[in-house]
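Numbering (UniProt numbering), first residue to last: 1 to 357. To start, the structure itself, in structure tokens.
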Amino acid sequence: MRKVVYHEYGNPVNVLKIENGPEPAAPGFGQVLVKVTKRPVHNGDLLVVKGGHDPIKREIPAEGYISGCEGVGIIQALGSGIGSARNLRVGDRVAFFAVGSWQESILIPADFATPVPSDMDDELAAQLHINPVAALLLTRLTTKIAASPKSGVLRISAVEAVLEDLGASRMEAGVVLLSAAGSLVARLAATMLKAQGYTPIALVRSSALSEALQKATGITVIGTDQENWQEEVLKAAAGRKIFAALDAVGGHIGETLLTLLSPAGTLVSYGSLSGDPIPVDHVHLCMSAKTVCGIGMVHWTQLPYGSRAVEMASIIQLVRDNQKLFKIAGEFPLSEAADAVRLFRQPGRDGTVLLSS
Ligand SMILES: NC(=O)c1ccc[n+]([C@@H]2O[C@H](COP(=O)([O-])OP(=O)(O)OC[C@H]3O[C@@H](n4cnc5c(N)ncnc54)[C@H](OP(=O)(O)O)[C@@H]3O)[C@@H](O)[C@H]2O)c1
Numbered sequence: 001m002r003k004v005v006y007h008e009y010g011n012p013v014n015v016l017k018i019e020n021g022p023e024p025a026a027p028g029f030g031q032v033l034v035k036v037t038k039r040p041v042h043n044g045d046l047l048v049v050k051g052g053h054d055p056i057k058r059e060i061p062a063e064g065y066i067s068g069c070e071g072v073g074i075i076q077a078l079g080s081g082i083g084s085a086r087n088l089r090v091g092d093r094v095a096f097f098a099v100g101s102w103q104e105s106i107l108i109p110a111d112f113a114t115p116v117p118s119d120m121d122d123e124l125a126a127q128l129h130i131n132p133v134a135a136l137l138l139t140r141l142t143t144k145i146a147a148s149p150k151s152g153v154l155r156i157s158a159v160e161a162v163l164e165d166l167g168a169s170r171m172e173a174g175v176v177l178l179s180a181a182g183s184l185v186a187r188l189a190a191t192m193l194k195a196q197g198y199t200p201i202a203l204v205r206s207s208a209l210s211e212a213l214q215k216a217t218g219i220t221v222i223g224t225d226q227e228n229w230q231e232e233v234l235k236a237a238a239g240r241k242i243f244a245a246l247d248a249v250g251g252h253i254g255e256t257l258l259t260l261l262s263p264a265g266t267l268v269s270y271g272s273l274s275g276d277p278i279p280v281d282h283v284h285l286c287m288s289a290k291t292v293c294g295i296g297m298v299h300w301t302q303l304p305y306g307s308r309a310v311e312m313a314s315i316i317q318l319v320r321d322n323q324k325l326f327k328i329a330g331e332f333p334l335s336e337a338a339d340a341v342r343l344f345r346q347p348g349r350d351g352t353v354l355l356s357s
């Protein structure tokens, strides 16, 4: 069985190797054996291969780690303890969230397998988990932020004005900034936030892309390559509160979003495309009562199975409703994972890169 493995942390193009190994064991309690047909390349996959997810950089075992974290495939066998309510049968197609998807067959927990509707193709089904779930988490968190301003938290004179400013305790129609707004996650989140009555302002690194994105989404798009882009943001906000910023870039962009937020606003970090940490001036936290927090798949995995299953049903609908956003930029066999990564890294790439087997 072929698998894409790394034995050392580093540039994925250099350290990812295709290897042959034994087939997985028979599924144990609560496990499902899946023959994987397609899996996407994600920024998070590459970050993990570089060791960027683990400050301690734990030692890699002799057999290496297998890359990837989601995919779609056919159920080959079911372990014990999987009730019929799970709707999983041998021969069925499932989309799944599980580490090590860049291999031909994988054992996954049944709890993270989602039956795929028969009219949904593999290209779409392979992308059901990571990006749509991230968009859903971001949207839900933004709604929570909007509904719970921090009025009454601070009562020192210097911030009285800030608190008064929060008087209108809800943020309907308030502004949400999104960086890396051409990304699938940001487009999905912006679409949902707009539908809920908020005002997303999309930031992209190249103004050349703004017009097309604005036309496609109907959302204000601003290029951060313009010298005066911060002023453009404030102009577009037109005096409304910028109560949240959803940042996937980090570094200087993350810092600037924090500065642009209205008092008591929240910066939500969910990616680090720049690779740079966000410098946080204490003034934002101490005097302007701003908050910095983050979301990730780990938050979602901690929800009980029942809640996740209900969410997957709404995600399937979300993906169907926004099918045009799920473009494919290229597809490669597992043995060409390095080429897949090269395409994935091209600026302006339009769509997901898939690995197939
Ligand atoms: N926390 C989580 O659980 C979670 C889950 C899923 C995704 N994410 C994160 O969400 C982000 C988007 O993922 P995706 O798969 O939706 O992305 P994507 O569709 O692959 O698109 C990437 C976008 O980011 C832009 N970009 C790349 N590098 C950039 C930089 N240094 N500065 C500014 N913009 C940059 C690209 O712009 P160009 O068009 O100009 O190339 C492109 O529009 C990533 O950071 C990813 O790690 C997080």
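For each residue, glycine too, the CB sits at the ideal point set by N, CA and C. Since we're looking at a predicted model, the values are computed, not measured.
Would residue i be called buried (16 or more neighbouring beta carbons within 10 Å of its own) or exposed?
i: S80; result: exposed
i: R187; result: buried
i: L138; result: buried
i: Y270; result: buried
i: D247; result: buried
i: A134; result: buried
i: E123; result: buried
i: A216; result: exposed
i: I56; result: exposed
i: H53; result: exposed
i: Q346; result: exposed
i: L285; result: exposed
i: N20; result: exposed
i: P263; result: buried
i: H42; result: buried
i: P304; result: exposed
i: F29; result: exposed
i: S314; result: exposed
i: C293; result: exposed
Do you know offhand how far residue i's Cα is from residue j's?
i: F112; j: F96; result: 6 Å
i: residue 359; j: E59; result: Outside the shown range of the chain (1 to 357) lies residue 359, about which nothing can therefore be said.
i: N87; j: S101; result: 22 Å
i: residue 358; j: D45; result: Residue 358 is absent from the model: the chain starts at 1 and stops at 357.
i: P277; j: P24; result: 38 Å
i: E311; j: H129; result: 10 Å
i: N228; j: I219; result: 19 Å
i: residue 372; j: V13; result: No statement about residue 372 is possible, as the shown extent of the chain runs from 1 to 357 and does not include it.
i: Y198; j: I253; result: 22 Å
i: F344; j: P40; result: 10 Å
i: Q230; j: T256; result: 8 Å
i: A329; j: D121; result: 16 Å
i: residue 361; j: Q196; result: Residue coverage of the chain in this structure runs from 1 to 357, which leaves residue 361 outside it and unanswerable.
i: L261; j: L136; result: 22 Å
i: L166; j: G83; result: Any reading at L166 is ruled out, since the residue's pLDDT is 47, under 50, leaving its predicted position unreliable.
i: V159; j: V249; result: Confidence at V159 is low in this model, with a pLDDT of 44, below 50, so the placement of that residue should be treated as unreliable; the coordinate-derived value is given next. Cα to Cα, the separation comes out at about 30 Å.
i: P27; j: Y65; result: 20 Å
i: I18; j: S357; result: 13 Å
i: T192; j: E336; result: It should be pointed out that residue 192 corresponds to Met in this sequence rather than to Thr. Using only the alpha carbons, I get a separation of about 35 Å.
i: V15; j: A202; result: 35 Å
i: E63; j: L33; result: 20 Å
Kindly give me the distance between the Cβ atoms of residue i and residue j, rounded to whole angstroms, as I take these residues to be in contact under 8 Å.
i: A290; j: L267; result: This sequence places Lys at residue 290; Ala is not what is there. K290 to L267, Cβ: 7 Å. Contact.
i: V176; j: P200; result: 5 Å
i: K35; j: E104; result: 7 Å
i: G73; j: T114; result: Between T114 and G73 the Cβ distance is about 12 Å, and since that is not below 8 Å, they are no contact.
Does the contact criterion of 3 or more C-beta pairs under 8 Å hold for the segment 294–301 versus the segment 318–331? Contact fails: fewer than three Cβ-Cβ distances are below 8 Å.
Which ranges would you report for the beta strand (DSSP E) in the segment 280–339 if only whole runs of at least 3 residues count? Within the segment 280–339, the complete beta strand (DSSP E) runs of at least 3 residues are 291–294, 328–333.
Where are the beta strand (DSSP E) runs, 3 residues long or more, that stay fully inside the segment 209–262, in chain order? DSSP runs (the beta strand (DSSP E)) wholly in the segment 209–262: 220–223, 242–247.
Inside the segment 74–141 only - alpha helix (DSSP H) runs reaching at least 4 residues: Qualifying alpha helix (DSSP H) stretches, in chain order: 122–125.
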